[in-house]
Structure formats: structure tokens, C-alpha cells
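Numbering-wise (full-length UniProt numbering), the sequence shown opens with residue 1 and increments by one. All C-beta atoms, glycine included, are put in the ideal place defined by N, C-alpha and C. Given the structure is predicted, the values throughout are model-derived calculations rather than measurements. Below: one structure, written as C-alpha cells.
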Amino acid sequence: MKKILITGALGQIGSELTTHLRNIYGKDNVIASGRRIVEESTIVQSGSYELVDVLDPKQIDTVVKKYNIDSIIHLAAILSAVGESNPSAAWNININGLYNVLEVARENKCALFTPSSIAAFGKSSPLDNTPQDTVQRPETIYGVTKVSGELLCDYYHKKYGLDTRGVRYPGVISYETLPGGGTTDYAVHIYYEALKRRKYTCFIQEGTYMDMMYMPDVLNCVVNLMEADPSKLKHRNAFNVTSISCAPEDFCNSIKKYIPDFQMDYDIDPIRQAIAESWPNSMDCTAAKEEWGFSVKYNLDEMTKDMLEKLKMKLDIKA
Ligand code: SER
């Protein structure tokens with residue numbers, strides 16, 4: 001990767017990935033983009049930022065040509081819970097947006113990274129140690145778009161030789177930017193509430209396991225996969241990756257090690273609970289390890305310690 005365009009750069013992953021890639025590849029070589037301009041955002045202030053609506057192929061193409069982009073990191077997407085409340089928007093942005101980006105990548109010979117998700121699996125997939133290659137019959141519109149996206153990216157690789165790569169991200173935990181309406185969001189909110197109120201009401205049922213990953217490991221996946229030797233990649237779209245398989249009570253117990261009077265109760269959201277139950281409890285990441293050396297740095301307690309320290313500073317909480 002030499003000249004990189006990031007779509008959805010103001011989102012949960014984009015806002016940190018932009019800074020991470022600017023540190024590695026140089027400030028002038030990472031162009032952030034999104035559908036809106038937020039002047040006060042550090043992303044907008046710390047380098048090039050372009051207005052790009054992924055539903056407008058001309059806008060994508062203009063920016064790719066303007067900066068001589070060779071790699072696109074396509075993050076603009078609608079998440080699971082928001083997708084269920086607006087399926088047509090989820091289809092439009094997640095599929096038509098991806099199609100537009102693929103076409104621009106094909107015409108301009110760019111490599112492309114775009115994430116899939118644990119949502120690409122469904123109840124009929126084996127949910128424990130979910131294999132890399134297995135049944136994928138998701139029942140959410142988000143999951144449907146993610147499986148379709150995986151197939152579309154594979155198709156562009158086989159048909160046009162496009163260098164498409166991706167991972168199936170688990171729930172992403174971070175302190176910089178909040179996630180925008182997913183099922184795993186509770187695992188971010190719990191840390192904010194632990195610091196602000198010392199209690200949290202969880203919308204996911206005790207005992208519901210899902211895969212999770214801390215942001216520094218999420219960012220490393222992009223760099224390590226995009227820099228991997230293509231001759232070693234048997235899979236491309238998309239690799240299972242995870243670091244922590246957790247239920248809500250595991251987060252609670254981990255937080256209690258640092259905030260002993262923290263309390264959690266439950267008020268279950270039936271829609272997000274049903275989604276969570278249809279997703280893997282834990283994915284098998286063997287293919288990612290073997291094909292591009294996937295590894296992670298943070299386990300649950302290490303992540304909790306770091307999250308609480310960083311959030312405390314961000315929220316200016318003294319005690
Ligand atoms: N974090 C996402 C969601 O909950 C899963 O990819 O929608």
C-alpha cells in the first residue's frame with residue numbers, strides 16, 4: 001500500500017485506522033473520506049479529507065484519480081441493529097456502495113480491503129469454533145449483505161484479478177469513536193457506564209457468547225493482511241479473526257477487577273438478542289494464522305485495563 005483511500009473514515013474503525021495508517025505510511029499518503037465533514041474531527045484536521053458518498057461512483061473515481069490511489073480500505077457500511085430497522089438502506093449502502101467501490105478499484109487497478117463480519121454466519125452454521133469454510137445462511141439483512149460482499153469480492157478477484165482481501169471482524173471494542181448501531185455495542189457501552197455510573201443495564205442476555213476484539217488488534221489485521229504475500233493467501237474474502245469469546249458477565253467480572261463496586265443488570269432487547277444468538281460463540285482463526293500470520297496482543301483483562309485507563313482520560317474522570 002502506498003496511496004490509500006479510506007471510506008467511512010469517521011466511523012468507529014475508520015477514525016482510528018486513519019491515524020494508524022498515517023503513522024505508518026505517512027500523513028500525505030492516507031486520504032480519509034466520508035459522507036459528511038466534521039471540521040473539529042482530528043481526522044479532518046490531520047490530513048487530506050474528501051467528501052465521498054459511496055453511492056456516487058463518480059465521487060469515488062474522482063478522488064482515486066486525484067490522489068493516484070493504489071489501495072482502498074472500504075469501511076462505509078450500516079451495522080446489524082440499524083440494518084434491521086432500515087433493510088433497504090442497509091442493502092443500498094452495503095451492497096451498492098461496495099459494488100461502486102469494486103468497479104472504481106477495477107478501473108483504476110487498486111487493491112481493496114473491506115471487512116465482513118461474524119454476522120456472515122447464521123443459526124445453521126456451527127456456532128462453536130466456527131470453521132473458516134462452512135454453511136453461511138445469515139438471517140439479518142446485515143449478514144446477507146456481508147455474505148454477498150464476500151462473494152462479490154471473491155468474484156472480482158477471480159474474474160478481474162483484483163487484489164481483494166478482507167476479514168470477518170467480531171465485535172469491535174474501542175474508546176475513540178462509538179460504534180454506530182450494532183449488536184455487539186453493549187461491550188463498548190459497558191465501559192463508559194462503568195466509569196460514569198458504576199452500573200450498566202445490558203441488552204444482551206447473560207450466557208450469550210460472541211467474539212470480540214480490541215481496536216489495536218483490529219487495526220493490525222488491516223496492515224498485516226494487506227501486506228501479506230499474495231501467493232500464501234488461499235482465502236481472500238474473508239478470514240475469521242477474533243481474540244476474545246465473551247458473554248456479558250465476563251465483561252462484568254473483568255471490570256470488577258478494576259472497579260469492585262461495579263454492578264450489572266439486564267433488560268433484554270429481543271431483536272438484538274435474537275441476532276446475537278444466531279452469531280458464532282467463537283470462530284476458528286486457523287486460516288488467518290496460517291496464511292498471513294494473524295495474532296493478537298490483548299486478552300480480556302488486558303483490554304479492560306487499557307479501555308478503563310484511556311476512557312478515564314477521555315471522559316476526564318478523576319476517581
Ligand atoms: N459489530 C457488528 C454489529 O454488531 C458486527 O459486525 O453489527
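Take Glu50 and list the residues in its own chain whose beta-carbon comes closer than 7 angstroms to its own, dropping the five residues that flank it on each side. Sequence index remark: in the sequence shown, residue 50 carries index 50 (1-based). These residues qualify, in order along the chain: Ile31, Ser33 and Val63.
His74 - containing beta strand (DSSP E), residue span: As a first step, residue 74 is located in the sequence shown; it is residue number 74 there, counting from the start. Ser71 to His74 is the span of the beta strand (DSSP E), which, as asked, contains His74.
Is it true that the stretch 250-268 meets the stretch 97-114, where meeting means three or more beta-carbon pairs spaced less than 8 angstroms apart? The count of Cβ pairs closer than 8 angstroms, one atom from the stretch 250-268 and one from the stretch 97-114, stays below three, leaving the stretches out of contact.
Cα separation between Arg35 and Val54? Counting from one through the sequence shown, the residue named residue 35 turns up at place 35. Counting from one through the sequence shown, the residue named residue 54 turns up at place 54. Approximately 8 angstroms between the Cα atoms of the pair.
Here's the rule I'm using: 16 or more other beta-carbon atoms within 10 Å means buried, otherwise exposed. How should Asn68 be labelled? Within the sequence shown, residue 68 is the residue found at index 68, counting from 1. Here Asn68 is exposed: its Cβ has fewer than 16 other Cβ atoms, across all protein chains shown, within 10 Å.
Let me know the beta strand (DSSP E) ranges lying completely inside the stretch 204-244, each 3 residues or longer, listed in chain order. The stretch 204-244 contains these whole beta strand (DSSP E) runs: 210-214.
Burial state of Ala288 (16 or more Cβ within 10 Å): In the sequence shown, residue 288 corresponds to position 288, counting from 1. The Cβ neighbour count for Ala288, taken over all protein chains shown within 10 Å, is at least 16; the residue is labelled buried.
Who pairs with Leu17 in a beta bridge, going by DSSP? Numbered from its first residue, the sequence shown carries residue 17 at position 17. Per DSSP, none; premise fails for Leu17.
Rank Ser88, Gly293, Gly26 and Val44 by C-alpha distance to the C-alpha of Thr140 and give the top, closest one. Sequence index remark: in the sequence shown, residue 140 carries index 140 (1-based). Taking only the C-alpha atoms, the option nearest Thr140 is Ser88.
Excluding the five sequence neighbours on either side, which residues of its own chain have a C-beta within less than 7 angstroms of the C-beta of Ala105, listed in chain order? On the sequence shown, position 105 is the one that residue 105 refers to. In its chain, beyond the 5 residues on either side, Ile72, Leu112 and Leu162 have a beta carbon closer than 7 angstroms to the beta carbon of Ala105.
Starting from Val167, follow its DSSP beta bridges and name the residues at the other end. Here residue 167 corresponds to residue number 167 of the sequence shown, with the count starting at 1. In the DSSP secondary-structure assignment, Val167 is bridged to Phe239.
Can you find the residues in the same chain that come closer than 6 angstroms, C-beta to C-beta, to Gly14, ignoring five residues on each side of it along the sequence? Locating residue 14 in the sequence shown gives position 14, where the first residue counts as 1. For Gly14, where only same-chain residues beyond five positions count, the Cβ hits under 6 angstroms are Ile6, Gly8 and Leu75.
Note the first and the last residue of the continuous beta strand (DSSP E) segment covering residue 330. Outside the shown range of the chain (1 to 319) lies residue 330, about which nothing can therefore be said.
Contiguous beta strand (DSSP E) assignments of at least 3 residues, all confined to the stretch 33-85: Counting whole runs of 3 or more residues, the stretch 33-85 contains the beta strand (DSSP E) stretches 49-51 and 71-74.
Inter-stretch contact at 8 angstroms, needing at least 3 Cβ pairs: the stretch 218-228 / the stretch 142-156: They do not touch, by the three-pair rule.
Cβ atoms of Ala120 and Gln136: under 8 angstroms apart, would you say? Locating residue 136 in the sequence shown gives position 136, where the first residue counts as 1. Locating residue 120 in the sequence shown gives position 120, where the first residue counts as 1. Judged by their CB atoms, Gln136 and Ala120 are nearer to each other than the 8 angstroms cut-off.
Taking the alpha-carbon of Asp128 as reference, which of Gly293, Cys246 and Glu309 has the nearest alpha-carbon? By 1-based counting over the sequence shown, the position of residue 128 is 128. Nearest to Asp128 by C-alpha distance, out of Gly293, Cys246 and Glu309, is Cys246.
Provide the residue span of the beta strand (DSSP E) that contains Met264, from first to last. As a working note, residue 264 is residue 264 in the sequence shown. Gln263 to Tyr266 is the extent of the beta strand (DSSP E) around Met264.
Quick one: is the Cβ of Thr286 within less than 7 angstroms of any heavy atom of the ligand SAH? In the structure shown, the ligand SAH is absent; the only ligands present are the ligand SER.
Skipping 5 residues on each side, what residues in its chain have a beta carbon closer than 8 angstroms to that of Asp261? To locate residue 261, count along the sequence shown from 1; it is residue 261. A distance below 8 angstroms between beta-carbons, with the five flanking residues on each side excluded, links Asp261 to the following residues of its chain, in chain order: Arg198.
Might you give, ordered along the chain, the residues of its own chain that have their beta carbon closer than 7 angstroms to the beta carbon of Ala276, omitting 5 neighbours on each side? Locating residue 276 in the sequence shown gives position 276, where the first residue counts as 1. Excluding positions up to five away in sequence, the list reads Thr183, Ile204, Thr208 and Met210.
Do you know whose CA, among Ile259, Asn240, Tyr155 and Gly97, lies nearest Ser295's CA? Residue numbering aside, residue 295 sits at position 295 when the sequence shown is read from its first letter. For the set Ile259, Asn240, Tyr155 and Gly97, the Cα lying nearest the Cα of Ser295 is the one of Asn240.
C-alpha gap between Pro179 and Ala187, whole angstroms: In the sequence shown, counting from the first residue as 1, residue 179 sits at position 179. In the sequence shown, counting from the first residue as 1, residue 187 sits at position 187. Looking at the two C-alpha atoms, the distance is approximately 10 angstroms.
Regarding Ala274 and the ligand SER, is the C-beta to nearest heavy atom distance less than 7 angstroms? By one-based count along the sequence shown, residue 274 stands at place 274. It does not: the Cβ of Ala274 is nowhere closer than 7 angstroms to a heavy atom of the ligand SER.
In whole angstroms, what is the alpha-carbon distance linking Val305 and Tyr298? As a first step, residue 305 must be located in the sequence shown, where it is residue number 305. As a first step, residue 298 must be located in the sequence shown, where it is residue number 298. The sequence shown places Lys at residue 305, not Val. Computed Cα separation, rounded: 10 angstroms.
On the CB-based measure, 16 or more other CB atoms within 10 Å of its CB, does Met313 come out buried or exposed? As a position in the sequence shown, residue 313 is number 313, starting the count at 1. Classification for Met313: exposed.
Below 7 angstroms, is the gap between the Cβ of Gly182 and the nearest heavy atom of the ligand SER? Taking the first residue of the sequence shown as position 1, residue 182 is located at position 182. It does: the Cβ of Gly182 is within 7 angstroms (strictly closer) of some heavy atom of the ligand SER.
Going by DSSP, name the residue or residues bridged to Phe113. Position 113 of the sequence shown holds residue 113. Residue pairing by DSSP puts Phe113 in a beta bridge opposite Ile73 and Arg165.
What does DSSP give as the partner residue(s) for Ile173 in the beta ladder? Mapped onto the sequence shown, residue 173 falls at position 173. Ile173 is bridged to Tyr214.
Could you compute how far the alpha carbon of Pro57 sits from the alpha carbon of Leu308? Translated into positions along the sequence shown, residue 57 becomes position 57. Translated into positions along the sequence shown, residue 308 becomes position 308. Approximately 41 angstroms, taken between the alpha carbons.
Express the C-alpha separation of Leu225 and Met1 in angstroms, rounding to a whole number. If you number the sequence shown from 1, residue 1 lands on position 1. If you number the sequence shown from 1, residue 225 lands on position 225. When rounded, the distance between both Cα atoms is 11 angstroms.
Given a threshold of 16 other Cβ atoms within 10 Å of its Cβ, counted over all protein chains shown, does Ile43 qualify as buried or as exposed? Within the sequence shown, the letter at position 43 stands for residue 43. Ile43 comes out buried.
Rank Glu290, Asn29 and Val52 by C-alpha distance to the C-alpha of Ser46 and give the top, closest one. Locating residue 46 in the sequence shown gives position 46, counting from the first residue. Selected option, being the one with the closest Cα: Asn29.
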